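When we follow our numbering, the leftmost residue of the sequence shown carries the number 199, and every step to the right adds one.
Scroll down for the structure; my scribbles are underneath it.
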Amino acid sequence: EIAWQLDVNLRSAIEVTRQALPLLKSPSSITHVGSILGMAGCEGFTAYSASKAGLTGFVQSLAVELAPRKIRVNLVAPALVFSPMTRQHVQHWSLETEQRILESHPLGIGMPHDVAAAIAFLASGEARWITGAVLPLGWCPQYPLPTFDA
């Protein structure tokens, strides 16, 4: 599982970025999708959290490297987003787990368009002075992450 998570969440982002860099003109913007689990651990998600934390480090280092070329690099870190992937997991959650998850997301569960809106903002000229940022979406550290059913 660790190798798979690193391949999907970190190595693929590095490779896509490597392939895209020669095509980018100044000014440009790159936004990767991380996770709040890259910022705070959660039981049962060690490999996933490690891969997303690695992506955060990659983004922040790359932001420093590419700033002289006027290429901004940022990361959105969504909390739980209702998507086909999460639908697979929800059916296995107990009512208690579902309640804990809802309580840990005071703004509710996100939708894909919520993530897309944040990415669109970071790609826009309105964000021209933002680079190396990790933007948490739908969660803040004041709310503990829930525990999940095994």
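Glycine included, C-beta positions come from ideal geometry on N, C-alpha and C.
Quantities reported herein were computed from a predicted structural model and do not represent experimental measurements.
Alpha carbon of Ser-210 to alpha carbon of Phe-280, nearest angstrom: As a first step, residue 210 must be located in the sequence shown, where it is residue number 12. As a first step, residue 280 must be located in the sequence shown, where it is residue number 82. About 23 Å.
So if DSSP puts Ile-228 in a beta bridge, which residue, or which two residues, is it bridged to? The sequence position of residue 228 within the sequence shown is 30, counting from 1. Bridge partners of Ile-228: Val-271.
Helix, strand or coil: which one does DSSP assign to Gly-252? Here residue 252 refers to the residue found at position 54 of the sequence shown. Of the three classes helix, strand and coil, the one that applies to Gly-252 here is helix, per DSSP.
Can you tell which of Gly-239, Leu-278, Val-231 and Asp-205 has its C-alpha closest to the C-alpha of Ala-314? Within the sequence shown, the letter at position 116 stands for residue 314. If we check each option's Cα against that of Ala-314, Val-231 comes out closest.
Other residues of its chain near Ala-318: CB distance less than 7 Å, five sequence neighbours each side excluded: Sequence index remark: in the sequence shown, residue 318 carries index 120 (1-based). Around Ala-318: no qualifying Cβ.
From Ile-228, Cys-240 and Lys-223, residue whose alpha carbon lies closest to that of Arg-267: Along the sequence shown, one-based indexing puts residue 267 at 69. Per the C-alpha coordinates, the member of Ile-228, Cys-240 and Lys-223 positioned closest to Arg-267 is Lys-223.
Compare the beta carbon distance of Gly-239 and Lys-250 with 8 Å and say whether it is the shorter of the two. Residue numbering aside, residue 239 sits at position 41 when the sequence shown is read from its first letter. Residue numbering aside, residue 250 sits at position 52 when the sequence shown is read from its first letter. For Gly-239 and Lys-250, no; Cβs fall outside 8 Å.
If you reduce the DSSP assignment to three classes, tell me which class Leu-293 lands in. Locating residue 293 in the sequence shown gives position 95, counting from the first residue. In this structure, Leu-293 counts as helix in the three-state DSSP scheme.
Relative to the C-alpha of Val-206, which residue among Ser-247, Ser-227 and Glu-241 is closest? What you label residue 206 is simply residue 8 of the sequence shown in a count that begins at 1. Cα-wise, what sits closest to Val-206 is Ser-247.
Could you tell me how far apart the beta carbons of Leu-333 and Ser-227 are, in whole angstroms, since I believe they sit closer than 8 Å? Within the sequence shown, numbered from 1, the residue matching residue 333 stands at position 135. Within the sequence shown, numbered from 1, the residue matching residue 227 stands at position 29. 13 Å between Cβ atoms; not a contact.
Applying the 10 Å Cβ sphere with the 16-neighbour rule, what's the burial state of Val-257? Sequence index remark: in the sequence shown, residue 257 carries index 59 (1-based). Buried: at least 16 other Cβ atoms inside 10 Å.
Compute the Euclidean distance between the alpha carbons of Arg-270 and Thr-329, then round it to the nearest angstrom. Counting from one through the sequence shown, the residue named residue 270 turns up at place 72. Counting from one through the sequence shown, the residue named residue 329 turns up at place 131. The C-alpha of Arg-270 lies about 5 Å from the C-alpha of Thr-329.
Use the C-beta contact count for Leu-278: other C-beta atoms within 10 angstroms, 16 or more gives buried, fewer gives exposed. The residue you call residue 278 lines up with position 80 of the sequence shown. Answer is buried; the Cβ neighbour count reaches 16.
Would you mind sorting Ala-265 into buried or exposed? The rule is 16 or more other CB atoms within 10 Å of its CB. Counted from its first residue, the sequence shown places residue 265 at position 67. Its Cβ having fewer than 16 others within 10 Å, Ala-265 is exposed.
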